[in-house]
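The sequence shown stops at residue 296 when you use the numbering used here, and every number in between is there. Note that beta-carbon positions come from the ideal geometry of N, C-alpha and C, so glycine has one too. For reference, the structure discussed in these notes is given below.
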Amino acid sequence: MAKWTGKSRGTLLGYRIFVFCIKNLGIKVAYGVLYFVSAWYFLFLKSSNRYIYYYFKCRLGWSSLKSRWAVYRNYFVFGQTIIDKTAIGAGLRDRFTYEFDGIDHLKKMMADQKGGVLISAHIGNFEIAERFFGEIDFNYQINLVTTDLEHSIIKEYLESVSDRKSSVKFIFIKEDMSHIFAINEALSNNELICFTGDRYFEGSKFLETELLGRKAKFPAGPFLIASRLNVPVAYVYVMKEQNLHYHLYTRIAQVKHRDAQGLLHSYVQNLEGMLTKYPLQWFNYFDFWEEVD
Numbered sequence: 004m005a006k007w008t009g010k011s012r013g014t015l016l017g018y019r020i021f022v023f024c025i026k027n028l029g030i031k032v033a034y035g036v037l038y039f040v041s042a043w044y045f046l047f048l049k050s051s052n053r054y055i056y057y058y059f060k061c062r063l064g065w066s067s068l069k070s071r072w073a074v075y076r077n078y079f080v081f082g083q084t085i086i087d088k089t090a091i092g093a094g095l096r097d098r099f100t101y102e103f104d105g106i107d108h109l110k111k112m113m114a115d116q117k118g119g120v121l122i123s124a125h126i127g128n129f130e131i132a133e134r135f136f137g138e139i140d141f142n143y144q145i146n147l148v149t150t151d152l153e154h155s156i157i158k159e160y161l162e163s164v165s166d167r168k169s170s171v172k173f174i175f176i177k178e179d180m181s182h183i184f185a186i187n188e189a190l191s192n193n194e195l196i197c198f199t200g201d202r203y204f205e206g207s208k209f210l211e212t213e214l215l216g217r218k219a220k221f222p223a224g225p226f227l228i229a230s231r232l233n234v235p236v237a238y239v240y241v242m243k244e245q246n247l248h249y250h251l252y253t254r255i256a257q258v259k260h261r262d263a264q265g266l267l268h269s270y271v272q273n274l275e276g277m278l279t280k281y282p283l284q285w286f287n288y289f290d291f292w293e294e295v296d
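So this is what it looks like as structure tokens:
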């Protein structure tokens with residue numbers, strides 16, 4: 004069955020096309036290009052089509068026709084988030100509006116001077132969060148823990164067209180576990196550590212729980228680390244809405260027992276709430292529940 008391999012969808016050529024359209028023709032024209040790009044994905048990416056169709060049909064319980072149409076719309080919204088991320092990085096931040104839901108929780112969380120752990124998911128557009136944080140007097144260093152090494156060329160390209168360099172630091176997961184020392188050092192400096200909690204890859208440790216009514220595997224690392232550290236934990240999502248508007252949600256982790264499984268259960272409950280409100284913004288293009296292949 005198709006597992007997540009540590010790679011994220013997207014190519015350097017695709018990003019170059021979007022940057023050209025954004026800079027020369029505008030964001031809305033770039034959106035227009037997506038009608039054709041999404042159609043190509045819908046027609047030719049058979050494997051990811053099946054995985055996303057399963058999500059809509061079997062996990063959300065939508066009809067077959069509605070689910071097939073939702074696959075196309077999902078690709079379209081995913082493309083919009085890429086364009087938005089690129090446009091904001093290229094200096095068009097003022098074209099977008101935003102609102103915060105729970106930012107006071109995040110500020111209070113950081114007041115203890117212990118640092119903090121943020122856990123997000125591959126939904127919405129979390130990568131643009133730091134662009135908004137800077138405008139509300141939230142100047143804390145964000146460290147993103149990631150395995151996405153193979154896409155450094157895309158990250159470098161986006162940095163090259165950005166109006167300012169991203170302040171996010173990357174902590175890459177290493178086999179020798181040296182990333183644990185980097186995480187502890189960042190927390191000792193009252194910095195934020197951010198994980199995505201919804202993807203594990205073959206051979207790594209995992210935890211299991213139900214998501215949308217079916218058991219699935221999640222990476223153990225974020226929840227084990229968060230459970231063992233004496234720092235506050237929050238779930239953070241940046242969700243796309245209409246008319247170039249974004250909504251940032253922050254929820255403090257509420258658990259009866261602060262162990263890895265308890266945090267995972269709390270995380271999944273929060274994630275399900277986001278997917279109920281934004282069902283089209285699920286961007287995991289592999290056999291997440293291991294039931295399709």
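Q: Kindly give me the distance between the Cβ atoms of TYR270 and GLY200, rounded to whole angstroms, as I take these residues to be in contact under 8 Å.
A: Residue mapping note: residue 270 aligns to position 267 of the sequence shown, counting from 1. Residue mapping note: residue 200 aligns to position 197 of the sequence shown, counting from 1. Yes, they are in contact, since the Cβ atoms of TYR270 and GLY200 sit about 5 Å apart, within 8 Å.
(Q) Tell me the DSSP secondary structure of HIS182 in three-state form. (A) Position 179 of the sequence shown, counted from the start, is the residue given in the question as residue 182. If DSSP states are grouped into helix, strand and coil, HIS182 belongs with the helices.
Q: Assign TRP43 to one of three DSSP states: helix, strand, or coil.
A: Along the sequence shown, one-based indexing puts residue 43 at 40. DSSP places TRP43 in helix when its eight states are reduced to three.
Q: Using alpha carbons as the reference points, say which of GLN272, ILE228, LYS220 and LYS259 lies closest to GLU298.
A: One cannot answer for residue 298 here, as it falls past the ends of the chain, which runs 4 to 296.
(Q) So, with DSSP's three-state summary, where would you put THR279? (A) Here residue 279 refers to the residue found at position 276 of the sequence shown. Under the three-state reduction of DSSP output, THR279 falls in the helix class.
Q.
For ARG71, report the span of its alpha helix (DSSP H) as first-last.
A. Translated into positions along the sequence shown, residue 71 becomes position 68. Note, ARG71: alpha helix (DSSP H), 67-92.
Q) Leaving out the 5 sequence neighbours to the left and right, which residues in its chain are closer than 6 Å to PHE81 when beta-carbon positions are compared? A) As a first step, residue 81 is located in the sequence shown; it is residue number 78 there, counting from the start. The beta carbon of PHE81 sits closer than 6 Å to those of PHE286, all from its chain and outside the five residues before and after it, given in chain order.
Q | CB contact flag (VAL239, ALA229, <7 Å) | A | Taking the sequence shown and counting its residues from 1, the one referred to as residue 239 is at position 236. Taking the sequence shown and counting its residues from 1, the one referred to as residue 229 is at position 226. Cβ atoms of VAL239 and ALA229: not closer than 7 Å.
**Q.** At least three beta-carbon pairs within less than 8 Å, the region 37-47 to the region 107-114
**A.** Using a C-beta cut-off of 8 Å, the region 37-47 makes no contact with the region 107-114, since fewer than three inter-stretch Cβ pairs fall below that distance.
Q.
Judging by CA-CA distance, which residue of ASN187, ALA263 and ARG62 is the nearest neighbour of GLU211?
A. Position 208 of the sequence shown holds residue 211. The shortest C-alpha separation from GLU211 is found at ALA263.
Q: Determine the DSSP secondary structure at SER50, reduced to helix, strand or coil.
A: What you label residue 50 is simply residue 47 of the sequence shown in a count that begins at 1. SER50: helix per DSSP, three-state reduction.
Q | Rounded straight-line distance, which links the Cα of LEU274 to that of ARG254 | A | Residue numbering aside, residue 254 sits at position 251 when the sequence shown is read from its first letter. Residue numbering aside, residue 274 sits at position 271 when the sequence shown is read from its first letter. C-alpha separation (whole angstroms): 11 Å.
Q: Within its chain, find whatever has a CB closer than 7 Å to the CB of GLY105; leave out the 5 residues flanking it on each side and keep chain order.
A: Numbered from 1 along the sequence shown, position 102 holds the residue referred to as residue 105. If we look at GLY105 and ignore the five residues flanking it on each side, its Cβ neighbours are TYR252, THR253 and ARG254.
Q: Evaluate GLU133 with the Cβ neighbour count: other Cβ atoms within 10 Å of its Cβ, from every protein chain shown; 16 or more gives buried, anything less gives exposed.
A: Here the question's residue 133 lines up with position 130 in the sequence shown. The C-beta of GLU133 has 16 or more other C-beta atoms within 10 Å across all chains shown, which makes the residue buried.
Q | GLU153 to SER191 span [Cα, whole Å] | A | One-based indexing of the sequence shown puts residue 153 at position 150. One-based indexing of the sequence shown puts residue 191 at position 188. Legend: pLDDT at GLU153 = 46, less than 50; position of this residue unreliable, no value from coordinates given.
Q) Going by alpha carbons, who is nearest to LYS172 out of GLU130, LYS208 and PHE135? A) Numbered from its first residue, the sequence shown carries residue 172 at position 169. The shortest Cα separation from LYS172 among GLU130, LYS208 and PHE135 belongs to GLU130.
Q: Would you mind reading off the limits of the beta strand (DSSP E) that contains SER123?
A: Here residue 123 refers to the residue found at position 120 when the sequence shown is read from its first residue. First-last of the beta strand (DSSP E) with SER123: 119-123.
Q. Is it true that the CB of SER41 sits closer than 7 Å to the CB of TYR56?
A. One-based indexing of the sequence shown puts residue 56 at position 53. One-based indexing of the sequence shown puts residue 41 at position 38. In this structure, SER41 does not lie closer than 7 Å to TYR56 by Cβ.
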